[in-house]
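The sequence shown begins at 1 in the UniProt record's numbering and counts up by one. Using N, Cα and C, we set each Cβ at its ideal position, and we do this for glycine too. All values reported here derive from a predicted model rather than from experimental measurement. Since the structure comes first, as structure tokens, the remarks are kept for the end.
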Amino acid sequence: MSRHIRALEVQSFRGLQKLCIKDLAPINIFTGDNNSGKTSILELIESLDAPGNLSMWRSLIRKERFSPLSFGLSFYEGLINLFNVDDEDLRISYEVEFTNGEKDQIELVGKINEEVLSGKEIYEMTGFSYDEEEEGEEESENVEKFTLQILLNGNVIAQNEMYDIERRNRLEKQEDLKLVDVTYISPVRHTEGTVFLNSVLDNPELYEQMIQILQEFDPGIISINVDNANEKFRRGNVYKILSKNHSKALPLNVYGDGMKKALLLMSAVIKTKGGILLLDEFETAIHTTAMDTTFKWILETCVRLDVQLFLTTHSEEAIDKVLKCSPELQDKIKVFTLYKNDKETVVRALTAHKAIEIKDEMGLELR
Numbered sequence: 001m002s003r004h005i006r007a008l009e010v011q012s013f014r015g016l017q018k019l020c021i022k023d024l025a026p027i028n029i030f031t032g033d034n035n036s037g038k039t040s041i042l043e044l045i046e047s048l049d050a051p052g053n054l055s056m057w058r059s060l061i062r063k064e065r066f067s068p069l070s071f072g073l074s075f076y077e078g079l080i081n082l083f084n085v086d087d088e089d090l091r092i093s094y095e096v097e098f099t100n101g102e103k104d105q106i107e108l109v110g111k112i113n114e115e116v117l118s119g120k121e122i123y124e125m126t127g128f129s130y131d132e133e134e135e136g137e138e139e140s141e142n143v144e145k146f147t148l149q150i151l152l153n154g155n156v157i158a159q160n161e162m163y164d165i166e167r168r169n170r171l172e173k174q175e176d177l178k179l180v181d182v183t184y185i186s187p188v189r190h191t192e193g194t195v196f197l198n199s200v201l202d203n204p205e206l207y208e209q210m211i212q213i214l215q216e217f218d219p220g221i222i223s224i225n226v227d228n229a230n231e232k233f234r235r236g237n238v239y240k241i242l243s244k245n246h247s248k249a250l251p252l253n254v255y256g257d258g259m260k261k262a263l264l265l266m267s268a269v270i271k272t273k274g275g276i277l278l279l280d281e282f283e284t285a286i287h288t289t290a291m292d293t294t295f296k297w298i299l300e301t302c303v304r305l306d307v308q309l310f311l312t313t314h315s316e317e318a319i320d321k322v323l324k325c326s327p328e329l330q331d332k333i334k335v336f337t338l339y340k341n342d343k344e345t346v347v348r349a350l351t352a353h354k355a356i357e358i359k360d361e362m363g364l365e366l367r
């Protein structure tokens with residue numbers, strides 16, 4: 001049986017405070033103003049894939065998500081930035097209730113203090129060699145140290161300490177524990193040319209359906225496959241698309257962002273069978289003329305493959321398309337609008353039917 005989410009209660013994470021989301025549906029749309037917490041909710045759900053993995057938590061810094069950990073923010077900065085900067089108490093805390101009735105409480109508890117380190121220790125942490133024969137008295141310095149514990153249902157599953165001068169992280173204890181299978185797709189992931197094609201090729205029926213959707217972008221498309229030529233001389237896969245409109249198969253990256261995004265989203269649905277799929281700003285790059293068929297296939301295939309879907313968007317048009325593209329699925333869709341005040345985040349939950357009524361009959365916005 002798939003492990004999907006029924007409710008999420010967030011005590012604190014980034015800007016989210018005292019947020020309770022109940023009665024989650026098979027298909028969930030999250031909307032609201034900028035910085036209302038939509039992506040933060042996806043990040044918390046993504047963390048359920050590996051809550052005891054410190055590198056996973058560090059990767060949730062959005063601008064660093066697809067960069068090597070050795071670049072940009074240090075491991076120290078990346079983890080500290082997960083916490084609410086306005087709170088003295090460095091604590092992330094949330095509880096997840098699953099559809100099978102089970103609950104898990106996850107906490108990250110951090111503490112910052114100063115520690116005196118010798119010159120030799122500082123040199124080693126910053127990656128430089130230390131010459132013990134160098135003349136002069138060894139100097140010591142006060143250095144910030146961050147101590148972190150991750151707890152699952154009150155039990156420590158990971159812990160670490162790190163200094164703000166360290167170039168690399170020293171993992172002390174972490175547990176590769178998976179609570180659910182999660183796939184996250186960022187708003188710009190399609191620009192990398194990512195496709196979960198192996199999952200698609202294992203399902204001929206869905207592969208054919210996917211090709212039909214892609215014909216919205218290029219009516220001549222016949223197939224898409226991995227190009228194995230010269231594979232040992234390159235990093236990653238090259239996907240080739242065969243179309244009647246071209247004399248030979250062309251790489252996916254020569255096509256527009258709209259088709260790359262549609263292909264990525266559809267292949268992600270198939271890859272995530274039985275799990276949870278997170279699509280952040282899902283409509284990005286997809287032209288309005290292709291939204292109906294693309295979204296309809298995504299929603300219907302998610303239900304067919306038992307994939308719980310979470311979507312975020314700023315777009316009223318995209319919300320309207322999702323609500324109406326497959327009327328028979330409206331009982332499985334809910335819309336959550338997030339609002340922030342000084343001390344907490346509140347949410348308005350609507351069924352698809354009520355959301356359509358508010359939008360069409362009352363002329364009100366859903367975001």
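(1) Which same chain residues end up closer than 8 Å to Pro68 when comparing Cβ atoms and leaving out the 5 residues on each side of it in sequence?
(2) Report, in whole angstroms, the separation of the C-beta atoms of Leu278 and Leu24, which I expect to be a contact under 8 Å.
(3) Tell me which residues share the same chain as Lys181 and place their Cβ nearer than 6 Å to its Cβ, disregarding the 5 neighbours each side in the sequence.
(4) I need the DSSP call for Thr351, collapsed to helix, strand or coil.
(5) Where Gln51 and Leu305 are concerned, what is the direct C-alpha to C-alpha distance, given to the nearest angstrom?
(6) Excluding the 5 residues preceding and the 5 following residue 398 in the sequence, name in chain order all residues of the same chain whose CB lies nearer than 6 Å to its CB.
(7) Is Lys240 near Ala249, with beta carbons less than 7 Å apart?
(8) Apart from the five residues on each side of it in sequence, which residues of its chain come closer than 6 Å, Cβ to Cβ, to Lys340?
(9) Which term fits His353, buried or exposed, when burial requires 16 or more other beta carbons within 10 angstroms of its beta carbon?
(10) What first and last residue would you give for the beta strand (DSSP E) that runs through Phe336?
(11) For Met198, report the span of its alpha helix (DSSP H) as first-last.
(12) Please report the straight-line C-alpha distance between Gly101 and His4, rounded to a whole angstrom.
(13) In three-state DSSP terms, what is Lys296?
(14) Starting from the C-beta of Ala290, find all residues in its chain whose C-beta is less than 7 Å away, skip the five residues before and the five after it, and write them out in chain order.
(15) Just to confirm, are Leu311 and Cys302 a CB contact at a threshold of 7 Å?
(16) Would you mind stating whether Ser247 and Ile221 have Cβ atoms separated by less than 7 Å?
(17) Who are Met162's beta bridge partners in DSSP?
(18) Measuring only the C-alpha atoms, how far is Tyr76 from Gln159?
(19) Specify, as a first and last residue, the run of the alpha helix (DSSP H) that Lys120 falls within.
(20) Alpha carbon to alpha carbon, how far is Leu338 from Arg6?
(21) Quick one: residues in its chain with C-beta nearer than 7 Å to the C-beta of Asn113, no 5 flanking neighbours on either side, listed in chain order?
(22) Taking buried to mean at least 16 other C-beta atoms within 10 Å of its own C-beta, is Val200 buried or exposed?
(23) Where Val226 and Met56 are concerned, what is the direct C-alpha to C-alpha distance, given to the nearest angstrom?
(24) Pop quiz: Gln11 and Lys18 are said to be a contact at Cβ under 8 Å. What is the actual Cβ separation, rounded to whole angstroms?
(25) Starting from the Cα of Asp86, find the closest Cα among Glu328, Val156, Ala355, Lys343 and give me that residue.
(26) Do you know how far the Cα of Leu264 is from the Cα of Ala318?
(27) Do Ile80 and Thr126 count as a contact pair if the criterion is CB distance below 7 Å?
(28) Closest to Gly119 by C-alpha separation, out of Ile298, Leu44, Ser140, would be which residue?
(29) Name, in chain order, the residues that DSSP records as bridge partners for residue 368.
(30) Quick one: using the 10 Å Cβ neighbour count with 16 as the cut-off for buried, is Asn28 buried or exposed?
(31) With 16 as the cutoff for other CB atoms within 10 Å, does Thr294 come out buried or exposed?
(32) Does Ile112 come out as helix, strand or coil in the three-state DSSP assignment?
(33) Give a yes or no on whether the C-beta atoms belonging to Phe336 and Phe30 are separated by under 7 Å.
With the structure as the only source:
(1) For Pro68, the predicted model reports a pLDDT of 46, less than 50, meaning its position is unreliable and no value from the coordinates is stated.
(2) Incorrect: roughly 13 Å between the Cβ atoms, too far for contact.
(3) For the record, residue 181 in the displayed sequence is Asp; it is not Lys. Here the set comprises Gly275.
(4) strand
(5) The sequence shown places Pro at residue 51, not Gln. When rounded, the distance between both Cα atoms is 25 Å.
(6) As displayed, the chain neither begins before 1 nor continues past 367, which places residue 398 out of reach and without an answer.
(7) yes
(8) Ser36
(9) exposed
(10) 333-340
(11) Checking the sequence shown, residue 198 turns out to be Asn, not Met. From DSSP, the alpha helix (DSSP H) with Asn198 extends over 197-201.
(12) 10 Å
(13) helix
(14) Glu216, Phe217, Gly258, Ala262
(15) no
(16) no
(17) Phe146
(18) 13 Å
(19) 119-126
(20) 18 Å
(21) Lys145
(22) buried
(23) 29 Å
(24) 7 Å
(25) Lys343
(26) 18 Å
(27) no
(28) Ser140
(29) This structure gives no information on residue 368, because the portion of the chain shown stretches from 1 to 367.
(30) buried
(31) buried
(32) strand
(33) yes
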